[in-house]
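Input: a single structure, listed below in structure tokens.
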Amino acid sequence: MIRSELNTVLFDLDGTIVEHSHAVLPPLLAEWGYPRLPDEVKSAFGIEIHWFYEHVLAAEEQGWVPELYRQLYARVLHRMGIPDSDGSRVRAIGDFYETHPVPPLFNDVRPVLFQLTAQNWRLGMITQRGRAGVDRFLDEHGLTTLFNVVIAGDDGHGRKPTVHPFQAAFVSPRRCRPIRPSTLATASTTTAKAQPRQV
């Protein structure tokens, strides 16, 4: 595909522009008296995320099911041997992600985004994060005006790895390049027939 056919770059948020969400969980676990190394937390999320995406796809016809996130957190805690008989820690994790300070950008992200804009690329973002968190992130980092389209996880368009968020972005698959952190989103970009680029 030649450059003249491409006009849009679609970014994921966690793991692409900022560190994965699991990177901010260890301090919370330590506060509960269950310290875990970042690699252990990452491994637990990495194993359970496959279960998560399978169930996202299965639930898509019913619309997004927020309970899946809570089940994911519960499975991660169980895998790490952290008790949560009353579900209070799962709720605390959800609250933590909603209120946690905006994570820093990866090095060089800001100049890359501005350079792409200066070269007349259209920028988009498709993320699992809720709209309030995404808007806060963009505002606090001064990036709001750079993105032509932002599809958040609770916008009502379904979530990755389904194709629906990409369709909602009104971007031709032949004219965009998705930028993602790993192979976990392959199903969505493949279904959309865009050509993903991993980072």
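Using the working numbering, the letters of the sequence shown map in sequence onto residues 193 to 391.
Beta carbons are placed, not taken as given, at the ideal position from N, Cα and C, and that holds for glycine.
Bear in mind that the values here come from a model prediction, so they are computed numbers and not experimental data.
Contact annotation: the region 310-330 touches the region 339-351, with at least three C-beta pairs closer than 8 angstroms.
If you look at LEU315, you'll find it in the beta strand (DSSP E) that goes 314-318.
The alpha carbon of VAL282 has as its nearest neighbour, out of PHE298, TYR245, LEU297, LEU264, the alpha carbon of LEU264. By the Cβ neighbour-count rule, PHE306 is exposed, with fewer than 16 other Cβ atoms within 10 Å of its own. The three-state secondary structure of LEU202, taken from DSSP, is strand. Going by DSSP, VAL341 is part of the beta strand (DSSP E) stretching over 341-343. Taking a contact to require three or more Cβ pairs closer than 8 angstroms, the region 224-241 and the region 269-286 qualify as touching. Going by DSSP, PRO295 is part of no alpha helix (DSSP H) at all; its letter is neither H nor E. Contact check for ALA324 against ILE343 fails: the beta carbons are separated by 7 angstroms or more.
Collapsing the DSSP output to three states places ILE285 in a helix.
In the three-state DSSP reduction, VAL210 falls in the strand class (E or B). For LEU220, same chain residues with a beta-carbon under 8 angstroms away, outside a window of 5 residues either side, are ALA284, ILE285, PHE288 in chain order.
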